[in-house]
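Residue numbers (full-length UniProt numbering): 1 to 257.
Heads up, the beta-carbon is just placed ideally off N, CA and C, and yes, glycines get one too.
Quick caveat: nothing in here was measured; it's all calculated off a predicted structure.
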Ligand SMILES: Nc1ncnc2c1ncn2[C@@H]1O[C@H](COP(=O)(O)OP(=O)(O)OP(=O)(O)O)[C@@H](O)[C@H]1O
């Protein structure tokens, strides 16, 4: 067995007296897609923020295997190291595109900025690579100088994808990347994401309340309820044959919908 890329043990977070999540452990290997599902308030976003070290846990730890092979405790990283990871080795695709994009910067600039973070300096190359990536996410090249404010919701999400993937991260966090979009737009976006994730061999932690998204994108899934993981396993197994009554309810309510 190879060492996991990301490994969490006993992650627990309280907001005052309210539980965010409790005692969550997981391993994520390179190229693996893990979906975290559960109803609203079950702790999915809290867990994602802890894994991405945006939030400090009350207990537990997260280790990450750096590119040089060393295992690092994420909460022991300095702020500069953490920011560097976020800009280079990781991506974070957010539900709200205004939080994941620089809304006042052109589409090309949004993508180019990430390239500069990994050392690109030549303007012509940066613009060409940015243009290539806009094409890959189906944004017309003549929109390269428009800002995301002039984009539709679906286009903004595709731009977030380009911005995050252009620097070839190894790990991408996704927080409900398709919710809030029209069903037909969601389907296209999911297709695009699925293709890129497999082509680039990305490791992904995706939070979603939509089991169809989990089915389409993930290899493994975890079901959360009231801050705790109540079931986990291979996605097809959990969805086709859920063990826990709560997971059965989740799955059947989708089928009924
Ligand atoms: N900043 C905060 N301050 C206080 N309580 C919080 C905060 N963020 C989350 N919580 C609480 O922690 C619990 C888990 O919330 P979390 O946002 O992680 O759930 P979720 O599964 O992501 O929900 P949703 O699908 O609605 O985003 C909830 O009870 C929530 O009210």
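CA nearest to the CA of residue i, picked from the options
i, options, result
"residue 234", "35, 24 and 18", "35"
"residue 220", "227, 238 and 250", "238"
"residue 40", "130, 201 and 20", "20"
"residue 87", "98, 113 and 71", "113"
"residue 263", "215, 80, 203 and 187", "This structure does not reach residue 263, given that the chain is present from 1 up to 257, and the question cannot be answered."
"residue 209", "95, 91 and 145", "95"
"residue 181", "140, 79, 199 and 97", "97"
"residue 90", "74, 46 and 141", "74"
"residue 105", "92, 135, 151 and 66", "151"
Under 8 Å between C-beta atoms of residue i and residue j
i, j, result
"residue 107", "residue 148", "yes"
"residue 166", "residue 111", "yes"
"residue 85", "residue 173", "no"
"residue 229", "residue 242", "no"
"residue 161", "residue 193", "yes"
"residue 60", "residue 12", "yes"
"residue 213", "residue 178", "yes"
"residue 64", "residue 101", "no"
"residue 23", "residue 10", "yes"
"residue 197", "residue 33", "yes"
"residue 139", "residue 115", "no"
Contact test: residue i Cβ vs ligand 3 heavy atom, cutoff 7 Å
i, result
"residue 124", "Inclusion of ligand 3 in the displayed structure is not the case, the ligand content consisting of ligand 1 alone."
Environment of residue i [buried if 16+ CB atoms lie within 10 Å]
i, result
"residue 56", "exposed"
"residue 245", "exposed"
"residue 225", "buried"
"residue 76", "exposed"
"residue 125", "exposed"
"residue 3", "exposed"
"residue 71", "exposed"
"residue 176", "buried"
Segments assigned alpha helix (DSSP H), at least 4 residues, entirely inside the region 105 to 145: 107 to 117 and 123 to 136, all fully within the region 105 to 145.
For ligand 1, enumerate in chain order all residues having a CB closer than 6 Å to any of its heavy atoms. Listed by chain position, these are 15, 18, 20, 38, 40, 41, 42, 43, 44, 45, 46 and 209.
Which whole runs of the beta strand (DSSP E) in the region 135 to 202 are 3 residues long or more, in chain order? Those beta strand (DSSP E) runs which fall completely within the region 135 to 202 and span 3+ residues are 171 to 175.
Only counting runs of 4 or more residues, tell me where the alpha helix (DSSP H) segments fall wholly within the region 225 to 255, in order along the chain. Scanning the region 225 to 255 for uninterrupted alpha helix (DSSP H) segments of 4 residues or longer gives 235 to 240, listed from N- to C-terminal end.
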